[in-house]
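Student:
There are 2 protein chains.
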Amino acid sequence: MKNKHALIVGGGLVGSLWAVFLAKRGYKVDVFERRGDMRTAGYSGGRSINLAMSHRGWRAVEKAGIQEELRQVAIPMQGRMMHSPAGELTFQPYGKEGEAIYSVSRGGLNLELLRIADQHEQVRFHFHQKCVDADVESGKVRFEHALSGEITEAEAPLIFGTDGAFSALRGSIQHRPRFNYSQSYLDYGYKELTIPPGPGGSFLMEKHALHIWPRGNFMLIALPNIDGSFTCTLFMPFEGEYSFEKLQTEAQVSAFFQQFFADAVPLMPDLLHDFLQNPTSALATVRCSPWNVGGRVLLLGDAAHAIVPFFGQGMNAGFEDCTILDGMLDVMGENWDEVIPLFAQQRVPDANAIADLALQNFIEMRDLVADPEFLLQKRIAALLAERYPQDFMPMYSMVSFSHVPYREALRAGKEQAVLLGRIAALEGIESQLEQHPEVDRLFWEWKRQV
Amino acid sequence: MKNKHALIVGGGLVGSLWAVFLAKRGYKVDVFERRGDMRTAGYSGGRSINLAMSHRGWRAVEKAGIQEELRQVAIPMQGRMMHSPAGELTFQPYGKEGEAIYSVSRGGLNLELLRIADQHEQVRFHFHQKCVDADVESGKVRFEHALSGEITEAEAPLIFGTDGAFSALRGSIQHRPRFNYSQSYLDYGYKELTIPPGPGGSFLMEKHALHIWPRGNFMLIALPNIDGSFTCTLFMPFEGEYSFEKLQTEAQVSAFFQQFFADAVPLMPDLLHDFLQNPTSALATVRCSPWNVGGRVLLLGDAAHAIVPFFGQGMNAGFEDCTILDGMLDVMGENWDEVIPLFAQQRVPDANAIADLALQNFIEMRDLVADPEFLLQKRIAALLAERYPQDFMPMYSMVSFSHVPYREALRAGKEQAVLLGRIAALEGIESQLEQHPEVDRLFWEWKRQV
Numbered sequence: 018m019k020n021k022h023a024l025i026v027g028g029g030l031v032g033s034l035w036a037v038f039l040a041k042r043g044y045k046v047d048v049f050e051r052r053g054d055m056r057t058a059g060y061s062g063g064r065s066i067n068l069a070m071s072h073r074g075w076r077a078v079e080k081a082g083i084q085e086e087l088r089q090v091a092i093p094m095q096g097r098m099m100h101s102p103a104g105e106l107t108f109q110p111y112g113k114e115g116e117a118i119y120s121v122s123r124g125g126l127n128l129e130l131l132r133i134a135d136q137h138e139q140v141r142f143h144f145h146q147k148c149v150d151a152d153v154e155s156g157k158v159r160f161e162h163a164l165s166g167e168i169t170e171a172e173a174p175l176i177f178g179t180d181g182a183f184s185a186l187r188g189s190i191q192h193r194p195r196f197n198y199s200q201s202y203l204d205y206g207y208k209e210l211t212i213p214p215g216p217g218g219s220f221l222m223e224k225h226a227l228h229i230w231p232r233g234n235f236m237l238i239a240l241p242n243i244d245g246s247f248t249c250t251l252f253m254p255f256e257g258e259y260s261f262e263k264l265q266t267e268a269q270v271s272a273f274f275q276q277f278f279a280d281a282v283p284l285m286p287d288l289l290h291d292f293l294q295n296p297t298s299a300l301a302t303v304r305c306s307p308w309n310v311g312g313r314v315l316l317l318g319d320a321a322h323a324i325v326p327f328f329g330q331g332m333n334a335g336f337e338d339c340t341i342l343d344g345m346l347d348v349m350g351e352n353w354d355e356v357i358p359l360f361a362q363q364r365v366p367d368a369n370a371i372a373d374l375a376l377q378n379f380i381e382m383r384d385l386v387a388d389p390e391f392l393l394q395k396r397i398a399a400l401l402a403e404r405y406p407q408d409f410m411p412m413y414s415m416v417s418f419s420h421v422p423y424r425e426a427l428r429a430g431k432e433q434a435v436l437l438g439r440i441a442a443l444e445g446i447e448s449q450l451e452q453h454p455e456v457d458r459l460f461w462e463w464k465r466q467v
Numbered sequence: 018m019k020n021k022h023a024l025i026v027g028g029g030l031v032g033s034l035w036a037v038f039l040a041k042r043g044y045k046v047d048v049f050e051r052r053g054d055m056r057t058a059g060y061s062g063g064r065s066i067n068l069a070m071s072h073r074g075w076r077a078v079e080k081a082g083i084q085e086e087l088r089q090v091a092i093p094m095q096g097r098m099m100h101s102p103a104g105e106l107t108f109q110p111y112g113k114e115g116e117a118i119y120s121v122s123r124g125g126l127n128l129e130l131l132r133i134a135d136q137h138e139q140v141r142f143h144f145h146q147k148c149v150d151a152d153v154e155s156g157k158v159r160f161e162h163a164l165s166g167e168i169t170e171a172e173a174p175l176i177f178g179t180d181g182a183f184s185a186l187r188g189s190i191q192h193r194p195r196f197n198y199s200q201s202y203l204d205y206g207y208k209e210l211t212i213p214p215g216p217g218g219s220f221l222m223e224k225h226a227l228h229i230w231p232r233g234n235f236m237l238i239a240l241p242n243i244d245g246s247f248t249c250t251l252f253m254p255f256e257g258e259y260s261f262e263k264l265q266t267e268a269q270v271s272a273f274f275q276q277f278f279a280d281a282v283p284l285m286p287d288l289l290h291d292f293l294q295n296p297t298s299a300l301a302t303v304r305c306s307p308w309n310v311g312g313r314v315l316l317l318g319d320a321a322h323a324i325v326p327f328f329g330q331g332m333n334a335g336f337e338d339c340t341i342l343d344g345m346l347d348v349m350g351e352n353w354d355e356v357i358p359l360f361a362q363q364r365v366p367d368a369n370a371i372a373d374l375a376l377q378n379f380i381e382m383r384d385l386v387a388d389p390e391f392l393l394q395k396r397i398a399a400l401l402a403e404r405y406p407q408d409f410m411p412m413y414s415m416v417s418f419s420h421v422p423y424r425e426a427l428r429a430g431k432e433q434a435v436l437l438g439r440i441a442a443l444e445g446i447e448s449q450l451e452q453h454p455e456v457d458r459l460f461w462e463w464k465r466q467v
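One line per chain: the protein sequences are A and B, in this order. Take the first sequence: its letter number 336 is residue 353 in this note's numbering, and every next letter is one higher. Take the second sequence: its letter number 75 is residue 92 in this note's numbering, and every next letter is one higher.
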């Protein structure tokens, strides 16, 4: 049994949540965070896509015993609301009746988690502490105070790296032999925009939906906030015909939005200012292994597996790390020397699977959701899920509304694509989906094969 | 036109060769090397696989005008000599009559290149200078002297990073937005061993061959040196049934070699000492892009594209970087702002292709070269190359004995595999390869399709 003391490098979403888990196990926890205390300094937005919390995220906060507080800052979204170029709306539910993903602002959620973690006496936050490097064998981490420049060294028998996609702690592991690592960028960037609240904090569009303006090679999305506003994000290539590179002046931005997002323009009074002031950010996938150094150091969340945001699973995957790791401690006891290597080994394929699924979903969101064939397949999947609830769970639902390992969802999604393609190819299926005599036969034939 | 001054970070094989190219163009060149001067300090071996120089490498040294000096340290190897577990030998030529790859020791080649580069008045080597970091926008690089600890800053309008697979210069680029990077390790390691010269500098095995002891999941290879010795390398998993982990004692090493490499054991008097003293090294593939920062900074060789050694193309690919880059300067003039980004963009797919081919060739060397079906396909490929010299060049020859872009060789190899599989499946082909009536028909049918 180790001395019950842990360092957490990075006090973001996963770091704060994991501090709660450890505190509940009676650990003394020191959380080192590069930024200042957002309770006093505020949260700096401008490059934060809203988060969509789904089953995996909820299970983690339930296991930590803090779901009640978080329900209050979350807005259920039952489906996608597609906005056509002409402004027509089409709603596509995410799952069955009552299933939803939940919009939360990253800043709001982080504040709440920080507050909850800090209520535990044995959790101590250290702000403005930038991780400089670490001697991972001896368990020592060095920090530089962002304001004073003072160097501090901290040490503990357990060190968790939750310092995000550009993890400094991972940087110290990266030079060790046999560390596999990749960072891969999309040629697309994103920019945050805002639709402010209507009169009296009202919502100017449907509140309980994730809004999408799919336009083939680019898209705009909008997620609701509790104050009545929507956080919007434009995803677009950096270079090319329609690209950030081509939108440099107010006139260019204005013409582009009028052409492609005409129904959104009247809702965005600060569009031109926001567009030209807010940064254009890049989208990366980070994969690595191993996530651990022995039984002492472990990367979690984006530090271990950063993904693109198109499945809304980045935070959910990081929170699920906490659930699974905590569950292993429940079963195996706090034998960190066994638990940490086992967790690190078993979780990697799931992290790789959700990375792949998130990349796939980008194509779905920006392009396919406007495609009749794709929409037909979604209708077929919904029908099968309703007709055979024990035998067919659509891949999207597996990811968002279940705890099936991501790698299983990826595999199932590939198999389902075959079936959906076969059914969609049936003569007359579009008009008589519910009654078509071949659907059941094809379903059972497929079911016997998979 | 820029001030004719360049920094080269890393004075290994590619850095020294590129210094010669630049010197011949009249550039002042400062080469910064982490290690000491190997002309006085000697070359530290123990973890260096011998190199196999082939057409691409030779073309580069020819273009630099230094092939005569290098021919003297190179030994032609016309094919693979396979050693069966019972000690039977089988020879398999690499190409046509007169085609060979050339064994050179890394240390010997590096020494020679350094000597040649240093003969140019405008080339200056700075030893013991470890690259600490770089401000790639302003073209400043900082070095720390390994002995004195003194920090130097160097600056030039052109900076080339040839500091190998673990490039420090690349480290300074890696944190820039949209830099794609991956490092991926095999679960296999390698260890250098030696067969010393026979009496009077004689060779104790066939001199003009690359010797292979293929054993399925592991293998031993040996390449000749001009002093009559062979540099041997054992490739084997780190963990598992037959692995480095399992070979910890003299008794274990001795029993293992007696079981699998009985004919080599009498030739290796220092086997046990070497095995237990020499390090076990890891094998990585490094890919990244972009290799450049504007028209000012460029990675070359292993710093841009480190590959596993199984196709003998690592150094050849790095040298070909020099040929191609120098060729673009011939054609486009020394417009670095255009040449560097264009080179960096066009060369990446070729680097990725040879990385893939090198990984593939590992399976071929350790396993397939002992497989009758594989050997039959090699015979078929040789026959086709002889019968249709204009229409069929085996993939191995494309890589080793031509200047076809690596990406083309990769593509052609996949197509050829289809044809070779079809011919190998013909009834009675093994015994009547030369006369089989179907071979020509299948060849021309395939040729029309590709």
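Glycine included, each C-beta is placed from N, C-alpha and C at the ideal position.
The stretch 225-256 of chain B: which residues have C-beta closer than 7 Å to a C-beta of chain A, in chain order?
Tutor: Listed in sequence order: no entries.
Student: Quick one: what's residue 231 of chain B bridged to in DSSP?
Tutor: Paired residues: B:236.
Student: Using 10 angstroms around the beta-carbon of residue 368 of chain A, count the other beta-carbons present and answer buried if the total reaches 16, otherwise exposed.
Tutor: When all chains shown are included, residue 368 of chain A counts as buried.
Student: Sorted by chain position, which residues of the same chain lie with C-beta nearer than 8 Å to residue 21 of chain B's C-beta, five sequence neighbours on each side aside?
Tutor: Taken in chain order, the residues that qualify are 42, 43, 44, 45.
Student: Using a Cβ-Cβ cutoff of 9 Å, what residues of the stretch 331-347 of chain A are near chain B? List them in chain order.
Tutor: So nothing in the stretch comes that close.
Student: Could you tell me which residues DSSP pairs with residue 429 of chain B in its beta bridges?
Tutor: According to DSSP, residue 429 of chain B bridges with nothing at all.
Student: So, under 8 Å CB-CB, residue 139 of chain A and residue 160 of chain A are touching, yes? Tell me the CB distance rounded to an integer number of Å.
Tutor: With a Cβ gap of about 20 Å, residue 139 of chain A and residue 160 of chain A do not count as contacting.
Student: Could you tell me the distance, in whole angstroms, from the CA atom of residue 115 of chain B to the CA atom of residue 170 of chain B?
Tutor: Roughly 50 Å separates the two Cα atoms.
Student: Residue 194 of chain A CB to nearest chain B CB: under 8 Å?
Tutor: Closer than 8 Å: yes.
Student: With contact counted as at least three CB pairs below 8 Å, one residue from each stretch, are the stretch 378-388 of chain B and the stretch 313-328 of chain B in contact?
Tutor: Enough Cβ pairs lie closer than 8 Å, so yes.
Student: Can you give the Cα-Cα distance for residue 153 of chain B and residue 194 of chain B, rounded to whole angstroms?
Tutor: Residue 153 of chain B and residue 194 of chain B: Cα-Cα distance of roughly 13 Å.
Student: Assuming contact is defined by CB atoms lying nearer than 8 Å, are residue 426 of chain B and residue 374 of chain B in contact in what I supplied?
Tutor: Against a cut-off of 8 Å, the Cβ pair of residue 374 of chain B and residue 426 of chain B comes out as a contact.
Student: Sorted by chain position, which residues of the same chain lie with C-beta nearer than 8 Å to residue 297 of chain A's C-beta, five sequence neighbours on each side aside?
Tutor: For residue 297 of chain A, where only same-chain residues beyond five positions count, the Cβ hits under 8 Å are 206, 207, 208, 255, 261.
Student: For residue 309 of chain B, list the residues DSSP reports as bridge partners.
Tutor: Note: residue 309 of chain B sits in a beta bridge opposite B:315.
Student: Locate the beta strand (DSSP E) running through residue 158 of chain B, then write down its first and last residues.
Tutor: Note, residue 158 of chain B: beta strand (DSSP E), 157-162.
Student: Give the straight-line distance between the Cα atoms of residue 335 of chain A and residue 345 of chain B, rounded to the nearest whole angstrom.
Tutor: Each residue's alpha carbon lies about 47 Å from the other.
Student: I need the DSSP call for residue 450 of chain B, collapsed to helix, strand or coil.
Tutor: In this structure, residue 450 of chain B counts as coil in the three-state DSSP scheme.
Student: Mind pulling the chain B residues with CB within less than 7 Å of residue 197 of chain A?
Tutor: Those are 200, 201, 202, listed as they occur along chain B.
Student: Mapping DSSP to helix, strand and coil, what is residue 456 of chain A?
Tutor: Correct three-state label for residue 456 of chain A: helix.
Student: Between residue 216 of chain B and residue 246 of chain B, what straight-line distance do the alpha-carbon atoms span, to the nearest angstrom?
Tutor: Taking the straight line joining both Cα atoms gives about 11 Å.
Student: If we count the other Cβ atoms within 10 Å of its Cβ and call it buried at 16 or more, is residue 411 of chain B buried or exposed?
Tutor: That one is buried.
Student: Could you pull out every residue in the same chain whose Cβ sits closer than 7 Å to the Cβ of residue 182 of chain B, ignoring the five residues on either side in sequence?
Tutor: Counting only Cβ-Cβ distances below 7 Å, and skipping sequence neighbours, we find 301, 303, 319, 323.
Student: Between which two residues does the beta strand (DSSP E) containing residue 120 of chain B stretch?
Tutor: Looking at the DSSP string, the run of the beta strand (DSSP E) that includes residue 120 of chain B is 118-121.
Student: Taking only beta carbons into account, state which residues of the stretch 299-317 of chain B come closer than 7 Å to chain A, listed in chain order.
Tutor: For the stretch 299-317 of chain B, which is checked against every Cβ of chain A, the residues closer than 7 Å are 299.
Student: Determine the extent of the beta strand (DSSP E) in which residue 172 of chain B is found, giving its start and end residues.
Tutor: Its beta strand (DSSP E) spans residues 168-172.
Student: Who pairs with residue 22 of chain A in a beta bridge, going by DSSP?
Tutor: Answer by DSSP bridge pairing, in chain order: A:45.
Student: Under DSSP, the beta strand (DSSP E) around residue 143 of chain B begins and ends at which residues?
Tutor: Run containing residue 143 of chain B: 140-143, per the beta strand (DSSP E) assignment.
Student: Just curious, the beta strand (DSSP E) that residue 136 of chain A is in, first and last residue?
Tutor: Segment: none, residue 136 of chain A is in no beta strand (DSSP E) and carries neither H nor E.
Student: Give the range of the beta strand (DSSP E) segment to which residue 207 of chain A is assigned.
Tutor: Its beta strand (DSSP E) spans residues 197-212.
Student: Please report the straight-line C-alpha distance between residue 88 of chain B and residue 133 of chain B, rounded to a whole angstrom.
Tutor: Their Cα atoms are separated by approximately 14 Å.
Student: If I measure Cβ to Cβ from residue 273 of chain B and keep anything under 7 Å in the same chain, skipping five residues before and after, which residues do I get?
Tutor: Cβ within range, chain order: 264.
Student: As a quick exercise: from B:179, B:144, B:173, pick the residue whose alpha carbon is nearest that of residue 163 of chain B.
Tutor: Minimum Cα distance to residue 163 of chain B is reached at B:144.
Student: Curious, which full-length beta strand (DSSP E) runs of at least 3 residues does the stretch 361-413 of chain A contain?
Tutor: Qualifying beta strand (DSSP E) stretches: none in this window.
Student: Quick check on the DSSP output: what are the complete beta strand (DSSP E) runs of length 3 or more inside the stretch 242-295 of chain A, in order along the chain?
Tutor: You should have 247-254.
Student: Which class does residue 464 of chain A belong to by DSSP, given the choice of helix, strand or coil?
Tutor: It is helical.
Student: Which residue from B:356, B:293, B:250, B:299 puts its Cα closest to that of residue 281 of chain B?
Tutor: Nearest of B:356, B:293, B:250, B:299 to residue 281 of chain B, Cα basis: B:250.
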